[in-house]
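J.: Got a structure for you, written out below as structure tokens; questions coming shortly.
Protein chains: 2
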Amino acid sequence: MLSIGDLSRRTGVKVPTIRYYEQMGLLAAAERSEGNQRRYERHDLERLAFIRHARDLGLDISAIRELIALGQHPHRPCGDVDRIARDHLVSVREKIGKLKKLEQELERIVSHCDGDHAIEDCYVIRSLSDHGLCDGEH
Amino acid sequence: MLSIGDLSRRTGVKVPTIRYYEQMGLLAAAERSEGNQRRYERHDLERLAFIRHARDLGLDISAIRELIALGQHPHRPCGDVDRIARDHLVSVREKIGKLKKLEQELERIVSHCDGDHAIEDCYVIRSLSDHGLCDGEH
DNA sequence: TCCAAACCTATAGTCTCTGGAGATATCTAA
DNA sequence: TTAGATATCTCCAGAGACTATAGGTTTGGA
Chain A
91 MLSIGDLSRR
101 TGVKVPTIRY
111 YEQMGLLAAA
121 ERSEGNQRRY
131 ERHDLERLAF
141 IRHARDLGLD
151 ISAIRELIAL
161 GQHPHRPCGD
171 VDRIARDHLV
181 SVREKIGKLK
191 KLEQELERIV
201 SHCDGDHAIE
211 DCYVIRSLSD
221 HGLCDGEH
Chain B
91 MLSIGDLSRR
101 TGVKVPTIRY
111 YEQMGLLAAA
121 ERSEGNQRRY
131 ERHDLERLAF
141 IRHARDLGLD
151 ISAIRELIAL
161 GQHPHRPCGD
171 VDRIARDHLV
181 SVREKIGKLK
191 KLEQELERIV
201 SHCDGDHAIE
211 DCYVIRSLSD
221 HGLCDGEH
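Below is the structure:
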């Protein structure tokens with residue numbers, strides 16, 4: 091039996107975060123000691139590692155909740171699981187695309203500035219003031 | 091003189107967001123009509139366009155506040171302005187790097203799954219359960 | 001047995017908005 | 001001029017995923 095601190099050290103998930111996951115329904119309510127402290131077993135450790143890993147991959151709480159629910163039915167086909175992962179991949183790619191546009195625009199803006207002239211003439215400030223100086227839309 | 095709704099329509103910034111920017115000190119407290127409604131002029135429109143543009147580029151409120159303060163001193167050199175923009179570019183690039191790692195990992199995971207077998211055998215679920223199946227760290 | 005460390009609950013704060021309730025102001029048409 | 005529709009006002013709560021604090025209780029080791 092592990093205390094919440096033990097679980098925290100083994101998974102690298104902070105104690106308040108573990109309690110938060112319980113509250114959000116990702117972790118089942120833990121057993122309690124006589125003094126009302128949470129006690130965990132191996133399967134809680136595995137569940138928490140699953141959650142942590144999914145979060146690291148950027149999946150949100152509701153997607154993880156859905157994956158866990160699907161995991162309760164091991165004999166069903168995994169089409170929904172696959173869909174969640176693929177949808178997430180799509181959204182990651184969209185974010186990358188947007189950030190790359192920002193990167194280009196910022197590169198262009200700062201490339202005109204040597205940091206050494208007056209603010210009234212600064213290309214950074216002028217670009218922000220006048221969208222017309224931009225390439226493309228954002 | 092523009093009402094808050096006029097300003098909203100002209101900039102594409104929602105009315106509550108305009109009030110929020112005022113509260114955050116990005117927009118000066120507007121003049122008021124006799125009936126206490128906000129009235130704006132051209133320079134408020136320009137200021138709001140500046141804020142909107144900076145937000146679209148991903149700058150946060152405190153960075154924008156700083157840029158606006160710097161803009162009040164048009165004769166000073168623009169080194170700080172340049173630094174804010176360059177720092178932001180660095181953080182955008184870091185985000186892109188992280189997302190690309192996620193993209194690779196997700197690609198690898200979903201590429202093993204045809205969505206057509208049992209959940210207990212699903213590579214997506216197995217990958218999430220067992221970090222050992224991953225390439226690299228995250 | 002005693003004390004420090006870990007734990008408990010409840011609550012508030014982070015950040016950038018967004019939406020709602022309930023009251024007041026403004027504008028348009030009759 | 002007046003009614004009614006639309007816009008605005010302030011204040012407050014919620015989103016998402018935690019994180020931190022306060023004040024109190026339990027646990028584990030010397």
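Order-wise, the sequence lines are chains A and B. Going by the numbering used here, 140 is the number at position 50 of the first sequence; the sequence numbering is gapless. Going by the numbering used here, 130 is the number at position 40 of the second sequence; the sequence numbering is gapless. Backbone N, C-alpha and C fix where the C-beta goes; we use that ideal spot for every residue, glycine too. The structure presented is a predicted model; accordingly, all values stated were derived computationally and were not measured.
What residues from chain A crowd round B/E210, counting only those whose CB sits closer than 8 Å?
T.: By 1-based counting over the second sequence, the position of residue 210 of chain B is 120. Those are P164 and H165, listed as they occur along chain A.
J.: Using a threshold of 9 Å, state whether the C-beta atoms of A/V180 and B/V214 are closer than that.
T.: Translated into the one-based positions of the first sequence, residue 180 of chain A becomes position 90. Translated into the one-based positions of the second sequence, residue 214 of chain B becomes position 124. The answer is no: Cβ separation not under 9 Å.
J.: Under a three-way DSSP split, which group does B/R173 fall into?
T.: Translated into the one-based positions of the second sequence, residue 173 of chain B becomes position 83. Reduced to three states, the DSSP call for B/R173 is helix.
J.: Is A/L218 helix, strand or coil by DSSP?
T.: As a working mapping, residue 218 of chain A is identified with position 128 in the first sequence. Reduced to three states, the DSSP call for A/L218 is helix.
J.: Applying a beta-carbon distance threshold of less than 8 Å, which residues of chain B neighbour A/D206?
T.: On the first sequence, position 116 is the one that residue 206 of chain A refers to. Ordered by position in chain B, the residues that pass the 8 Å Cβ test against A/D206 are P167, C168 and G169.
J.: Can you give the beta carbon distance from B/T101 to B/L135, rounded, assuming they're within the 8 Å contact cut?
T.: Stepping through the second sequence from its first residue, residue 101 of chain B is reached at position 11. Stepping through the second sequence from its first residue, residue 135 of chain B is reached at position 45. Between B/L135 and B/T101 the Cβ distance is about 7 Å, and since that is below 8 Å, they are a contact.
J.: Return yes when the C-beta of B/L116 is under 8 Å from any heavy atom of the ligand FMN, and no when it is not.
T.: This structure simply doesn't include the ligand FMN, nor any ligand for that matter.
J.: Using only the alpha-carbon positions, how far apart do A/H163 and B/D146 sit?
T.: The sequence position of residue 163 of chain A within the first sequence is 73, counting from 1. The sequence position of residue 146 of chain B within the second sequence is 56, counting from 1. Distance between the alpha carbons of A/H163 and B/D146 is about 43 Å.
J.: Who does A/R183 pair with in a DSSP beta bridge?
T.: The residue labelled residue 183 of chain A in the question sits at position 93 within the first sequence. In the DSSP output, where bridge partners are listed per residue, A/R183 has none listed.
J.: Under the assumption that B/I108 contacts B/L97 (Cβ atoms under 8 Å), give the Cβ distance between them as a whole number of angstroms.
T.: Taking the second sequence and counting its residues from 1, one reaches residue 108 of chain B at position 18. Taking the second sequence and counting its residues from 1, one reaches residue 97 of chain B at position 7. That belief holds up - the Cβ atoms of B/I108 and B/L97 are roughly 6 Å apart, short of 8 Å.
J.: Using a C-beta to C-beta distance shorter than 8 Å, which residues of chain A count as neighbours of B/D172?
T.: Residue mapping note: residue 172 of chain B aligns to position 82 of the second sequence, counting from 1. Chain A residues near B/D172: V200, C203, D204, G205, C212 and V214.
J.: Is there a Cβ from chain A that is less than 9 Å from the Cβ of B/L147?
T.: Sequence index remark: in the second sequence, residue 147 of chain B carries index 57 (1-based). B/L147 counts as touching chain A.
J.: From A/E193 to A/R128, what does the alpha carbon distance come to, in whole angstroms?
T.: The sequence position of residue 193 of chain A within the first sequence is 103, counting from 1. The sequence position of residue 128 of chain A within the first sequence is 38, counting from 1. So the alpha carbons of these two residues sit roughly 46 Å apart.
J.: Short check: CB of A/I174 to CB of A/A153, under 9 Å?
T.: Residue numbering aside, residue 174 of chain A sits at position 84 when the first sequence is read from its first letter. Residue numbering aside, residue 153 of chain A sits at position 63 when the first sequence is read from its first letter. Yes, the pair counts as a contact, with Cβ atoms nearer than the cut-off.
J.: Flag B/A120 as yes if its beta-carbon sits less than 9 Å from any beta-carbon of chain A, otherwise no.
T.: If you number the second sequence from 1, residue 120 of chain B lands on position 30. By this cut-off, B/A120 is not an interface position.
J.: Please report the straight-line C-alpha distance between B/R183 and A/L117, rounded to a whole angstrom.
T.: Residue 183 of chain B sits at position 93 when you count from the first residue of the second sequence. Residue 117 of chain A sits at position 27 when you count from the first residue of the first sequence. One C-alpha to the other measures close to 35 Å.
J.: At the level of alpha carbons, what is the spacing between B/V103 and A/H221?
T.: Taking the second sequence and counting its residues from 1, the one referred to as residue 103 of chain B is at position 13. Taking the first sequence and counting its residues from 1, the one referred to as residue 221 of chain A is at position 131. Near 15 Å, if we compare the C-alpha coordinates of A/H221 and B/V103.
J.: Please report the Cβ distance between B/P167 and A/A208, rounded to the nearest whole angstrom; I am assuming they are in contact, meaning their Cβ atoms lie under 8 Å.
T.: For the purposes of this step, residue 167 of chain B is taken as residue 77 along the second sequence, with counting starting at 1. For the purposes of this step, residue 208 of chain A is taken as residue 118 along the first sequence, with counting starting at 1. At roughly 7 Å, the Cβ-Cβ gap stays under 8 Å, so B/P167 and A/A208 are in contact.
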